[in-house]
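Numbering (my numbering), first residue to last: 86 to 337. Glycine included, C-beta positions come from ideal geometry on N, C-alpha and C. This report refers to the structure that appears directly beneath it.
Pasting the structure below:
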C-alpha cells in the first residue's frame, strides 16, 4: 500500500517529514499483515518452524516502530506542528504502537497454534482461519483509512469489529463443547482458545487505528460506544501471548 496525500505546506520539508511517518506506517502494516498470514499458514500446516519464523519477524516491526518514534520526535522538535499537523504526528505515534501490538498478537497466535500438534476437532481450525483472515483484512482497511484520511472507511472498520467478536464468541462456544465432550481434546482446544483471543485482539487494534483515523481528520472520536458482540469470557494467562494485555483505548 502507498501513503495518501495531504494539503501541501509552504515549507516542503514539512510535507516530506509528514510523508515519512505515513511511509513507515505503510511498512509496519505490510509487515504485520505478513505476520498474520504466515501465522495462519503455520497453524494450518502444524508447522513449528513456520511459527518460529513469525516470532522472529516481530523484530522488524519493533525496529520500524522505533524508526517512527525517532521521525516523530525530530518532526516535533524542528517543525513544532499545530492543529491538524500535530494530530497527524500524535496519531502516527499511537498507530505505530497499535501495529506493534498487533504483530505481538500474531506472533503469540503462531506460538500457541503449534504448542500442541494434535489435530483440532471438527471445523475449529477452519473457524480460526476465518477469524485470522478477517482481522487481517480489517487491519489493512484500518491502515488504509488512516493513510487516506478517510472518515467513512474508518467508521466501516470501527463497525466491522462486531463481526470479529461474533466469530470469536461462536468459536469459543464450539471449543468448549469439544472439550466437554472429549477430554482428549482439552489440550489442543485450550491452545486454540489462546490463538483465537490473540486474533480477536488484532481486530481490536484495527478498531483502535480506525478511531485514530477519525480523530486525525475530525479531532473527535466516533460517536457512541464501541460496537461489541463478544460473549466469551475466557481469560488467558499473562505472558508473551499478550491476549490479556490491556486495550489502549481511544485516542482522545
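When you compare the CB positions of residue i and residue j, do they come within less than 8 Å of one another, or not?
i	j	result
residue 109	residue 161	no
residue 281	residue 256	yes
residue 136	residue 211	no
residue 116	residue 146	yes
residue 234	residue 298	yes
residue 306	residue 296	yes
residue 143	residue 188	yes
residue 232	residue 111	yes
residue 246	residue 292	yes
residue 158	residue 214	no
residue 118	residue 221	yes
Between which two residues does the alpha helix (DSSP H) harbouring residue i extend?
i	result
residue 288	271-303
residue 109	97-130
residue 170	168-198
residue 163	133-164
residue 262	236-266
Which whole-angstrom value is the C-beta distance of residue i and residue j, which I expect to be below 8 Å?
i	j	result
residue 121	residue 287	7 Å
(request) Check whether the segment 274-292 touches the segment 205-218, counting contact only when three or more Cβ pairs, one atom from each stretch, lie closer than 8 Å. (result) By the Cβ test, the segment 274-292 is in contact with the segment 205-218, since at least three Cβ pairs between them sit closer than 8 Å.
(request) Check whether the segment 119-135 touches the segment 239-254, taking contact to mean three or more Cβ pairs, one atom from each stretch, closer than 8 Å. (result) The answer is no - the segment 239-254 does not touch the segment 119-135, with fewer than three Cβ pairs under 8 Å.
(message) Would you call the segment 160-175 in contact with the segment 222-232, where contact means no fewer than 3 C-beta pairs closer than 8 Å?
(response) By the criterion of at least three beta-carbon pairs nearer than 8 Å, the segment 160-175 is not in contact with the segment 222-232.
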